[in-house]
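Colleague: For what it's worth, the UniProt record's numbering labels the leading residue of the sequence shown as 1, then goes sequentially.
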Amino acid sequence: MSAAVTTRTSTVTPQTVFDSTVQSPISPVDSKSGAKRRTSSNVPGVYNILDLEKDRTELEIAVETQKLNWRINKSPLTLDEPEKSYLKKMLTTPPVKKIDLHFPLGLEVSARNLRGVTIKDALDAIYKQFRKKEDDELEKPVLAGFEWDKDECWTRLIVHCKKEGASQQKKAKKNDNL
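1. State the Cα-Cα distance for the pair Gly98 and Gly145, rounded to the nearest angstrom.
2. Relative to the C-alpha of Val96, which residue among Asp135, Ile61, Pro141, Asp136 is closest?
3. Contact between the region 61-76 and the region 136-143: three or more CB pairs below 8 Å?
4. Answer yes or no: do Ala122 and Leu91 have a C-beta to C-beta separation smaller than 9 Å?
5. Which ranges would you report for the alpha helix (DSSP H) in the region 39-65 if only whole runs of at least 4 residues count?
6. Can you have a look at Asn113 and say buried or exposed, based on whether 16 or more other CB atoms are within 10 angstroms of its CB?
7. In the DSSP assignment, what are the bridge partners of Asp100?
8. Mind checking Thr93: buried by the 16 CB within 10 Å criterion, or exposed?
9. Look up Glu81 in the DSSP assignment and say whether it is helix, strand or coil.
10. Checking 9 Å against the spacing of the C-beta atoms, do Leu79 and Trp70 come in under that value?
11. Starting from Leu143 and walking both ways along the beta strand (DSSP E), at which residues does that stretch end?
12. For residue 228, count the other beta carbons within 10 Å of its own beta carbon; 16 or more makes it buried, fewer makes it exposed. Which is it?
13. Is the Cβ-Cβ distance between Cys153 and Phe103 less than 9 Å?
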């Protein structure tokens, strides 16, 4: 019996050892030179409150905040027209990126928006603190307005509340007598 023997010859490639502590691949972060500041978050005409304080620029608060009659433990989206249209207005003139809202009893919340703090941003910040409170737990549940006292603190607004809001006129229901 004769058997044919075939031999296979294969080429062996040498394996390379990769030590990650010594030979690490270059990451895309390393290839960049220096940190680049994002410019998309800088909106023209919107200021940092600290810059306004340095320049001694006076703030004006939107008068519409006094007309809201908004309960601080209710969502700002529950407001009816025309009050709901006030939510899109800027809270201050000139617009700021961030402002602290200070309550007389010591609580302080921050309203922030890189495109300028609107009335809605301020109401959302207040609502976040009081949403779990019932009306009877709050001594003064209705927003009366904001006050800016530059002598006390340039960078914050004082929040004023009142016991009850002005009576809102409801639409009269039509009674159909048959």
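Cβ coordinates follow ideal geometry from the N, Cα and C atoms, glycine included. Computed from a predicted structure; not experimentally measured.
Modeller: In this structure, then:
1. Note that residue 98 is Lys in the sequence shown here, rather than Gly. So the two alpha carbons sit approximately 18 Å from each other.
2. It is Ile61 whose Cα lies nearest to the Cα of Val96.
3. yes
4. yes
5. Whole alpha helix (DSSP H) segments, 4+ residues: 49-55.
6. buried
7. Ser110, Arg156
8. exposed
9. Reduced to three states, the DSSP call for Glu81 is coil.
10. In contact: Leu79 and Trp70 (Cβ atoms closer than 9 Å).
11. From DSSP, the beta strand (DSSP E) with Leu143 extends over 142-147.
12. In the structure as shown, the chain starts at 1 and stops at 178, and residue 228 therefore has no counterpart that could be examined.
13. no
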